[in-house]
Structure formats: structure tokens, C-alpha cells
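K.L.:
Before I ask anything, let me first share the structure, which is written out below as C-alpha cells.
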Amino acid sequence: MASDEASLRGLEALMTEFFAVATTNSRKREIEELLNIFSQTQDSWKHCLFYMANTQNEYVIMFCLTVLENVINKQWVGYCGADKMDIRLTLNQYLYAHHNKVPSFIRNKLVKLVVDIGRTDWPHFYPDFFTNILQLVQDSETVTLGVLLLKMTSEELMAPREDLSMARKEELHRLLLAQIPTVLNLLNNILESVLEKHWHLVAATPPPSPTQGDSGTRQRGSSLMLFSSSPLQSDSLLSNMFKSPSSGNRSLQLEALPPLDVSSSLLCELSLECLAHYFTWVPLSNTITPNLLSTIFHFAAFGCEVRSSYHHHHLHHRSGGGGVLITGGGGVNTTGATGGGSGVPGSPATGGERVGGGGNNNNNNSSRGRSGGGGIGGSATSTSANAASATGGAIANTPVSASTAAAAAGAAATCPSNGGGGAGIVAPANTQSLGVLAMNCINELLSKNCVPQEFEDFLLQMFQQTFFLLQRLTKESTLNTSGNKLADLDECYVEKFTDFLRLFVSIHLRRFESNAKFPVLEFLALLFKYTFRQPTNDGFYSCLDIWTVFLDYLHSKSEMRTADHEEVTNRYKPALQSLVSHILQKLQFRYNQSQLEELDDESLDDDSETEWQHYLRQCLEVIAKVGEILSQETFQLLNDLFQEYTEVYLGLEQYVVPNGAHGRKLTITAENECRRLHCILRDLSSLEQALGRMAEHFIGDRFIKNFTDADNLVQRLVHCVAYSGSAKLYEVSSIAQTVLQPDFIEVHAQALATLKAFAHWLSQYHSESQKISQPLKFTILFSTLVEATLPLFRKQIPEKIVQSAAHLLLSLMVTVRPSYLLQMTAVHNLYSQIGHGHCKDMPQEVQLLLYRALSHYLLLPWPHLSDTDQDWEKRAAYHRDFTRQLTLEFCQLRDTQALVENKALQESAKCLIENTLKMCQDWIENIASESNKSKQICYQSLHEIVQVTLAIFPVYIHQPDTADHILSFFLAVFQGLRVQMGVNFTEGIIQTFMGLFTREQLTENILHENSAGCRVVEKFLRILELIVQEPGSAFKAFLPSIISVCMDQIYPVVAQRPSPDIKAMLYKLLFEFFLNNWRYYFKGSLLSTLNNQNSEMMENSAQFIAIMQAFGQSFLQPDIALFRQNLESLETLNTKWKLYHKKVFREALLYQFLNVFIQVLLQKSHDLLQEEIAISVYNMASVDFDNFYTQFLPNFLNGCDGLAADQRTVLGQNFKMDKDMPSFTQSVNRFVNDLRYYRLINSSLPAGSFKF
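Quick note: the sequence shown, position 704, residue 704 per the UniProt record's numbering, numbers continuous.
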């Protein structure tokens, strides 16, 4: 005993020294090493039990718990029954005696250790584990400790780590599932008792009115009136649509509860968190009773209440003592970790002490239960108790003692719903947080897609109760100027409620849409109001996403049968029309300028959108979805506004007057009028985009039906484009120049973009006009549009307009392409100007668009004309001349000698080479899928460019940036024009490449500091891939050389490099080689196949094995994308060519691959592919199941380290000899899990002893 006392004093001294200011980091590391040595001694747990019973030092206690945790989780199986009993009893007694005295991080660690023991020993060696927990829950003195144990039990037993066998995991699941009715009933009783207590409190002291801050009278209205008014007004229509969580007078009183006292609030928080975690895995069944659901909804209603300052003040002084003292789990942690756990009521002597916890949040998961642990040299989850890291070493020189740590922890205390812990903070209970936690429970239930038939009535009740809450949320409020109640609620609660609505609509709405008990239109009316009352843009976007899911459902339903379409249209038309109207109102500056001006329209996000563009797109996508169901009605709403705004825009020229030397000016000078004009222009550009999204509803079989509307709209848009081009309003000066000039540019650019969206309508209009031989009207419209577009390609035109015009011209000349365009003077002049370099000063994107438009008009067949009327010869000559003009300078580089000798010329030519090859590559890539005639004309024009490029390639082979552009061009040529080049010329190119890409050159590129070097090699491999994919025999002579390049020159360089560069492309080439050239290795004859002869005539077997081993090597590397690619490659080869069945694979490779895959599963290095790996193992084993079970499996187990003989036997016996895939893969997963488990429990620590 004296020795233990001395050791305890020594340990306390070490802890004190560790946190002393003067202690150096080197000394701290020495102390860590001493503590590590002690924790690894055989009887360290006995000393720790003594230390815990005889010290008040929190750091010593925490260190002892960490040592015990290591014993329980890693060495428990090797301990005798008496020692286990000693540890278990001591921990339980200590927890029971001190749970309301120690900080939360110590309490939580104790709880976790008790549950860890139960996870291993219950019920066989610890039969009263769960019984004890249930008794604690039913005792008012220990109820919070009991609930905490219940929660930890769910976290640790239902999501256990790998320290359990699969059989034990299944047993725990079965055992805990049997206790669920009791657990849920107890948690429901706890929550109900709190409600009951406060109901009596309310009866004695009436609280403020439950409708304080709400306005409106109750009355019924027709469902068609639900959407007839603004969502920001008139709450009365929906007041009686859905029922409250329970019937009778009591429900009204429960809605009016004041804030709970602190101990009740903490108990309810913990109970709701516990319920939410159980709901993550408990299946929907009759164990989840209507009574429990009603109780949860009472707490969910707390989130709907806006608490006044009076309530908080009243709560603060209820105890009459020192307020509310929140003590808990912080401490000072120099490693940065925090304690974990939830609160329990404290000692009555403190006037309401709270032991809070850090590390918990509203979303329950198993890892949370493990926070709050750790010790110096112990657990990986270091906490504020130990304040040191076993591996850290460099710990700040900060004086920390037990008392100062507790005080410092208080400064970091957070609200209970966020799991914060601390000491010394006076704070009110937050009943809104209970609403958040209750919604968590509801959403956990709702997220389950598999709903038993008998549970659907419960779901219906749950939805009705939730929509009652939704009704309350959307009531008018008098507590803020906007009257919007949502703006006063906890943001987290609103997010949870939105999650509920999303889950309901996406998973369950189809179950209840036709249910007479469920008023769908009334629900949509509430969702409608909820959407437009969202206080944040993110909340609004989330609601729009819900509408998108609903609209997709309606669209798919209506597409099934025509009758359904009519039913959907008639039933939901008022709702959907109102939705579009209010979205349009919300996105218009005329109604919503103050909010919309706050959106950033300059900075781009990760999707290359500004904040305003994202907002507009979200709105327009929903409008477009409605348009799929109500196309005519949606178009009319948009078109009416468009006509109104264009009247203003087209009349602006009357307000433009000359301004002398300063050009022209706008005579609108009043600030209000300028602001109004600004709003109209912004809204006009938005409506143009919206109408562009509707273009698809005017083509195909709807062309004739909707022709008049589309024709009028396109005529109006063409008029706007022509007017914008002639008026050039962006050049006009005004008192609001900086605001209005971008608006004028945007309107012009968006009008062009909208017409681009109608290019397919114009194409169909052209086709229909040809059929009825009345092309004049179309010709006038189209010519007007072209003549309004072509003058826009000038330097003085704003870039945004030029870019939109280029996109439009491309669509007109590629999609519509009437035959008479070349006869138009403006088009002829454009060819001439572009050919002479007119657009070289424009952005490169615009140049490429113009070059492609003019090229493709000559290459693509004119629609509705026979082949004899295409005038191919004249067009081919025109295209050659046009190409020659554009590439004249480039073709002068044919004299490579000058390039070699003149380094300055070589450098200056780089830009010319890049631009020319980009243009030609763009042509080829976009003509690749067209007819042979088009590709033939294209190749004839580009033949000289191909030759010049091949000639200059050796000059730039050592300059990766330029070589990259050259290889990109050749890759496009091989992909798109391989047939047109011919076999001989293609062979010449390949021979040139093979000669240039020597081993030294490939190595230089791969190891080049610039990534362009790797891109060059990847494109070279991609070209080789195209060659091996050729079905004929033309390029078979290159196969040996290609394999040599891959395996002898590239693979040795990249194999051991951690970088994934080139590897994916290399393996893809090897896969395509096998897939398309299987007979290069296997020469099986048709006769032997017909005679069922198994003899395999194989060539190059050594090479085949080497390539397969290269594939196997890739499975040992961490790159998961490459692992997935190669795994799919092997499976594809097996499906097509029976790879796994080949004799060479069975004898030389099968066991190697099986071994690698099972080792990968054991190491959990590629867990994302666990299912795919298990399927591959099955496919390989299925080649010969008997051999797998009798040969491979025993040999694999014999080669596994860290297993005892009897464990190998058990593992082999437990691997069931199933031959179907589901059973086999399940056996593989069980085998891997149990093997990991045995290795873990077999790991032992060195024996010995240590004294402080």
C-alpha cells in the first residue's frame, strides 16, 4: 500500500511537472516516454484502479482511464475472469459514485469503458449489463447517466470497430434489437414526464399567449384559392388544414410551454439525441408507437416558438441561487482536442449544476461516443484531461493545473445543443435546440425508404403532425417588420425542417399523393408559403430543389399515360402557375431590387458563376420544369412580361439626342427614372434567358401547335437584335453611365443568346417551309437575323456582345445552314475579311467560333437537298482557299532547316504553331462524327498542314509545351480523319513517332519538371491506343513495337513513381491491346473449339505474364482511381475472353491476384471498392471452386502472420463453401473481418513492471 501511495504521489508530481511553465519540451517528451512504459506493463491496470480511488487530480484519473481503455479494447480476451470482474466492478462503482461530481470528459470516458466491456462480454460474462442501464434510467437520481449509457450503447454496439468478429456483431445487433421496445418506451416516458411537469407548471402560472406574434383569423377556403394571393400575406386559408400533434385541450397548453429548467432541458436533449441515434438503425415497425411520435412532435414544436427576452430573464432567476452553473468537459488541451459527452443534472447543492459535454453535435454517429477520451501516451482521441500527445512532443510551455483547467474550460462553453462543455458560465436553457433535436429524430425516420405496409398509417400521422408545424412556421408574425416568422427562428431548425420537406417529397410523396386522407394541394400551399418566406438565399435554393423533385415526379407521372397528363394538368395548374408567378416576381428587380442588388455579379464561384447568375439559374430551372408540364401557360406568363419590357426598350431611341463632340446622350435624367430603367433592363435580360430555356417546347411534334407563339417571339427577338445593333445604346452617355451601360450590353448579348437557343426551331422552320414550297417568310426572317449579326464582329463592339454573336453565328451556319448564304454579300464579305486576318485581335474563343462556323458551313451538307444539288466541288475549292488564307504563314514553316538554325525564329513561331493547330484541331474534332464526304473535303484542305506539322515535330520534340500542341493535333487527326489519311500515310506518321520517341526521349518527357512533358507521352499513348483498336490487319505489324514501347521503355520509368501521371493511360493502352488483339497471344482455332479441345496454343506467354504482373503491381499502390480502372479492365477481359479460365492465368497468376485482393481488403486501403473487389475474388474463385476451398484458402491462412492454429481452423471452417455470388461475397467479408479481429486480439504488449 505504501508503495502504491508513493507511486501515486510520483505520478501526480509528473503531471504537475508536465504542465509547469518551466518544463522544457525535451523534459515533456521524457515524461511521455515514462508514462508510455508504465501503460505497457502487465499489471498497470491494478495500479490505475488504486490511483483512481485515491486521487482528486483530473489528469491522473484521465490517464488511468486511458490505460484501462487500452486493456479493455486490446487485451481483454487474454485476462482471467477474476481480473475482468475486478475492473468491471470498480469502473461501475466509480461511475455510479462520481458521475455527477467529475467533469464530463471523465464521466464520458467512464461510460464508454463500461459500454466497451459490455460490447465484448454481454450477455455471456456480463449478464446484467443492459439490465443495470435500464435500472439507472428508471431511477430519478441516475436517469441522465442511464440515458447517456443507452446512447453510448447504440453508438458502440451498432457501429463497432474491427475488434469484433462478424458473428459477435450480428449477435449484438440481435440482442440490442430485442431491447428496443423497452428502450423506446423508457425514453418516451422521460420526455412525457418533462412535458407533464411543465404542463402543471403552466396550469399554475399561465404563460404568454401561444399565438403571441401571430396574426390572422381562421377560416376555410377553396383549394384553388390557396395559391391566389401572395405567399407573404393571408395566413387564414390554411389554419385548419392539418391537425396538431395530439387532440384535446392539452395540446394547446403544451404548445405554450415556457422555457424548461436547465436539468429538464439537458435530460430532454440527451434523450432526443439518444432516440435519433437509435432511429438510424432501428427498422420501421410497431415498436415506434404513435404515442412516441406525438411526444417527439411536441418537442419539435418548440422550434416554432420565438422566445422573447422576458422568457430568458425569467429562467435565469428561477433557481434563486447563483443562477445556472454550467460545468463540464473542457479543460485546457494543449494538443487542441476537446472532451466529449452530453450533460447530466448536477448536485442539488449547487442550485442546478450542469455537467455539459464537448464533442457532441446534432447529428449522431458512432465516432462521437468515442470522443472525450485519451491520455498521455494512450488513446488516439486525446482530450483536455491529458493535454498531451503520445507522438506530439512539442507541447507549449503553459502552466496547467486541474483547477485552472476547469476554469479555462468554462470560457469555451457552448450551447447544450452543440454539445459544448465548460465551467463557470451562466446561461439560459435553449428550448429551440430541443426543436432541432426532435426534427433530427423525425428526419432519421423519414430517411428510410423501405416502409412496411403496416407503418404507412404511422407515416401519415407523422406527416400530418409535421405539416401542422409547417402551418405554424408560415404564420404572420408581429415580432419583426417583415411579418416573417421564419426570420426569427433558429437557422438550424429551419434547415432541419427543410430537410424534412425534401425527404418527404423525394421519398414518400408518391405513397400519399392519391391518399384521400392526405390533402396534397394544401400541403403544396404550405410549401409554397414556406419557400417564399425563407430568410436566406440558401434556404430559398433548398426549397427550389424540393420543388424540382416534385416537378420531376409530376412530369414522369404525366408521361406514363395521356390521361395522367390531363389529370396532373388540371389538378396542379393553379399551384404551378402561382409558383412561376412568384418566382418571376422574386427574380425581378422591379419588385425585389434591394435584395437582388446585394448579390455579387463579379466574382466567379467554382462553377464559373457569379452569385447573381447562380440565383437566376436556380429560379429559371424551376420555371423550366414547370414548363415541361404547363408549357403554354408558362410561356404566356414569360411572354407577357417580355412584351411589356421590350416596348420600353424599343422606345428608348426617342430619348437619345446628339451631344456634340461627345457623341450621344440619354435625356432621362431623373434619378427615379434611371433606377426604373435599370430595373427594366435587368429584368428584360433575365426574361430573355427564361424564354431561351423554353425553346425546346416549340420544336419536334409541338412545332405546328406552338408555331404562332414561337414565330412572334423570334420576330420580336430579331427586332431587338437589329435595334440594338443600330442604336448602340451602350455608346450613349447618361447620368447613370456606369449602371446603364452594362445593362444595355447585357440585353443585347442575352437577345443573341436567346436566338441561339431557338436555332433548332429555325432549322425546323426552314425544313417545314421547304416542304410546303413557301420559303419566303423564313428567308426574310433568317436574312434579317444574319445581317443584324455579322456587323457585330468589330473591335469597337463590347466583347460580351461579340462572344454571343459568334455563338449565334455558329448555330445558324451549322444547325440551320440554308444553301443561299454564300449568295449573301454580307456573308461573302465575312469570309474575305476573316481570311485576311480581320479577327486576329479578337479573343481566341471568338476566333475559333468564327473559323468553325465558316468552315463547317462549307463542309456540312445543306439540308433538304439531294447529293447532286450540294455543289460539293465548288464548296471544296472555296474551303481550300479559305484554309490556305488562314494558314499561309504556318505553311511557310515547311523549311525546317531555317527553324533549326535560327533559335529566335524557332521561338517566335511557337505562337503561330499553337494558334493554327488549335484551329485545325477544333475543325477536326467537330467534323469527326459527320459524313465521309465532309471529312474528305476537310482532310484535303488540311493535308498540307498535316505534312508541315509532321516536318516540324522533330524540331520541337524537346520542348514539351509546343510538342503537346502538335500531339494534340495529331491525336485529333487520328481520331477523326484516319480513314481519309489512308494506310500508307498513317504508317509513315507512326514510324516517325516511333523513331522520335526513343527510351531517352520518353524518359526526358516523363521526368520533365513541366506537366506538359507527361501530357505529350499520354497523347502519344492515346494515338497508339487508336492503332491497336483498328480491327483490320493494316497496322498489326506495329503491335510488337507498341508492346515494347509500353513495357520496356515507359513502364520501368513510371512503375515506382508515386505520381499517377501516365499510368492510367499506359494501362488503358495495355487493356485495349488485349481486348482488340487477343489472338496475338492465344491462337485458338475454330476446329479445336468445335471439338471441345481445351488445348491452348499460346504465343509470347512470358510477355503476357509480365503485363499481367504489371496490372497486379497497380493493385498494391494507393491510387484508388487506377485500382478501379484496372479492376474493371480485368473483369471486362474475363467477360469477353475468359481471362481467368486461361491455363496460363490459372497456373501462374490466379493465386497471386487472389492473394493481393484479399490483402487489400484486410488492409482496408481501398474500402470504397470493397464490393467490386469481393466480386472479382468470386469471379476468380469460380474458375475452380474446389481448388479455391481446398488449396488456395488453406495456403493463404498458413501464410498469414499473427494467427494461432485453432484460429486458422475456425476461419477456414467459417468460410462457407457457397457457389452463388451473394453468399460468397458475404463469406469473403466475414472472413476478412474475422481475420482482422483475430490479429488484433493476438497482438500483445511486452511483460514487465514499472514504478514511478
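Beta carbons are placed, not taken as given, at the ideal position from N, Cα and C, and that holds for glycine.
Going by DSSP in three states, Pro1194 sits in which element: helix, strand or coil?
P.N.:
Correct three-state label for Pro1194: helix.
K.L.:
Just to confirm my understanding: we take Cys543, look at its own chain, exclude 5 residues before and 5 after, and list those with CB closer than 7 Å. What are they?
P.N.:
Excluding positions up to five away in sequence, the list reads Thr498, Tyr530, Thr531 and Gln534.
K.L.:
State the start and end residues of the unbroken alpha helix (DSSP H) segment that holds Pro742.
P.N.:
From DSSP, the alpha helix (DSSP H) with Pro742 extends over Gln737 to Ala757.
K.L.:
Sort Leu1026, Leu1007, Glu196 and Asn984 by Cα distance to Phe970 and report the nearest one.
P.N.:
Minimum Cα distance to Phe970 is reached at Leu1026.
K.L.:
Quick one: give me the first and last residue of the alpha helix (DSSP H) that Leu1075 is part of.
P.N.:
It spans Lys1063 to Asn1076 - the alpha helix (DSSP H) in which Leu1075 sits, taken as one unbroken run.
K.L.:
Quick one: using the 10 Å Cβ neighbour count with 16 as the cut-off for buried, is Asp1234 buried or exposed?
P.N.:
Burial call: buried.
K.L.:
So is Leu501 buried or exposed if we call it buried at 16+ other beta carbons inside 10 Å?
P.N.:
Counting Cβ neighbours within 10 Å, Leu501 comes out buried, since at least 16 surround it.
K.L.:
Going by DSSP, what residue range makes up the beta strand (DSSP E) through Arg664?
P.N.:
Element bounds for Arg664: Arg664 to Leu666.
K.L.:
Report the three-state DSSP secondary structure of Met85 (helix, strand or coil).
P.N.:
Reduced to three states, the DSSP call for Met85 is helix.
K.L.:
One question on the structure: do Phe635 and Asp709 come within less than 8 Å of each other, judged by their Cβ atoms?
P.N.:
Cβ distance < 8 Å, so Phe635 and Asp709 count as in contact.
K.L.:
Keeping to the same chain, check which residues put their C-beta closer than 6 Å to that of Leu576; ignore five residues upstream and five downstream.
P.N.:
For Leu576, where only same-chain residues beyond five positions count, the Cβ hits under 6 Å are Val626 and Leu630.
K.L.:
Closer than 7 Å by C-beta to Met15: which residues in its own chain qualify, once you throw out the five before and the five after it? Chain order, please.
P.N.:
Answer for Met15: Asn57, Tyr59 and Val60, listed in chain order.
K.L.:
Does Val657 come out as helix, strand or coil in the three-state DSSP assignment?
P.N.:
Three-state DSSP puts Val657 in a strand.
K.L.:
In this structure, does DSSP put Asn443 in helix, strand or coil?
P.N.:
Correct three-state label for Asn443: helix.
K.L.:
So, with DSSP's three-state summary, where would you put Trp824?
P.N.:
Position check: residue 824 holds Met in this sequence, whereas Trp was assumed. The answer is coil: DSSP assigns Met824 none of H, G, I, E or B.
K.L.:
Can you list, in chain order, the residues of its chain whose CB lies under 6 Å from that of Glu688, leaving out five sequence neighbours each side?
P.N.:
Excluding positions up to five away in sequence, the list reads Gln750, Ala751 and Thr754.
K.L.:
So what does DSSP say about Phe19, is it helix, strand or coil?
P.N.:
DSSP places Phe19 in coil when its eight states are reduced to three.
K.L.:
Between Tyr1238 and Leu175, what straight-line distance do the alpha-carbon atoms span, to the nearest angstrom?
P.N.:
Roughly 23 Å between the two C-alpha positions.
K.L.:
Can you give me the C-alpha to C-alpha distance between Leu446 and Leu503, rounded to a whole angstrom?
P.N.:
Using only the alpha carbons, I get a separation of about 6 Å.
K.L.:
According to DSSP, is Asn484 helix, strand or coil?
P.N.:
In the structure shown, Asn484 sits in a strand (DSSP, three-state: E or B).
K.L.:
Could you compute how far the alpha carbon of Gln75 sits from the alpha carbon of Phe1123?
P.N.:
Between Gln75 and Phe1123, the C-alpha separation is close to 36 Å.
K.L.:
Consult DSSP for Asn1082 and reduce its assignment to one of helix, strand or coil.
P.N.:
First, the amino acid is wrong: residue 1082 is Phe here, not Asn. Note: Phe1082 maps to strand in three-state DSSP.
K.L.:
If you pair each beta-carbon of the segment 865 to 872 with each one of the segment 846 to 857, do three or more pairs fall below 8 Å?
P.N.:
In short, these stretches do not touch, since the Cβ pair count stays below three.
K.L.:
Just how far apart, CA to CA, sit Arg1015 and Val1156?
P.N.:
Their backbone Cα atoms lie some 31 Å apart in a straight line.
K.L.:
Output yes or no for whether 8 Å exceeds the beta carbon distance between Leu1130 and Leu1139.
P.N.:
Their beta carbons are under 8 Å apart, which means Leu1130 touches Leu1139 by this criterion.
K.L.:
Specify the secondary structure class of Glu305 as computed by DSSP and reduced to three states.
P.N.:
Here Glu305 sits in coil by DSSP.
K.L.:
Between the C-alpha atoms of Thr738 and Leu270, what's the straight-line distance to the nearest angstrom?
P.N.:
Computed Cα separation, rounded: 57 Å.
K.L.:
By the three-class DSSP mapping on this structure, what secondary structure does Ser265 have?
P.N.:
Helix at Ser265.
K.L.:
In whole angstroms, what is the alpha-carbon distance linking residue 1253 and Leu470?
P.N.:
Past the boundaries of the shown model lies residue 1253; the chain is included only from 1 to 1252, so the question cannot be answered.
K.L.:
For Ser264, I'd like the list of residues in its chain whose CB is within less than 6 Å of its CB, leaving aside the five on either flank, ordered along the chain.
P.N.:
Excluding sequence neighbours, Ser264 sits near Val194.
K.L.:
Alpha carbon to alpha carbon, how far is Asp86 from Asn70? Give it in angstroms, no decimals.
P.N.:
Near 16 Å, if we compare the C-alpha coordinates of Asp86 and Asn70.
K.L.:
In angstroms with no decimal places, state the Cα-to-Cα distance between Gln1113 and Asn1010.
P.N.:
Whole-angstrom Cα-Cα distance: 27 Å.
K.L.:
By how many angstroms is the C-alpha of Gln632 removed from the C-alpha of Ala759?
P.N.:
Whole-angstrom Cα-Cα distance: 20 Å.
K.L.:
Could you give the DSSP three-state label for Glu476: helix, strand or coil?
P.N.:
Glu476: strand per DSSP, three-state reduction.
K.L.:
Any idea what DSSP makes of Ser733, helix, strand or coil?
P.N.:
DSSP places Ser733 in strand when its eight states are reduced to three.
K.L.:
Excluding sequence positions up to five away, which residues of its chain have a Cβ less than 7 Å from the Cβ of Lys910?
P.N.:
Result list for Lys910: Thr962, in chain order.
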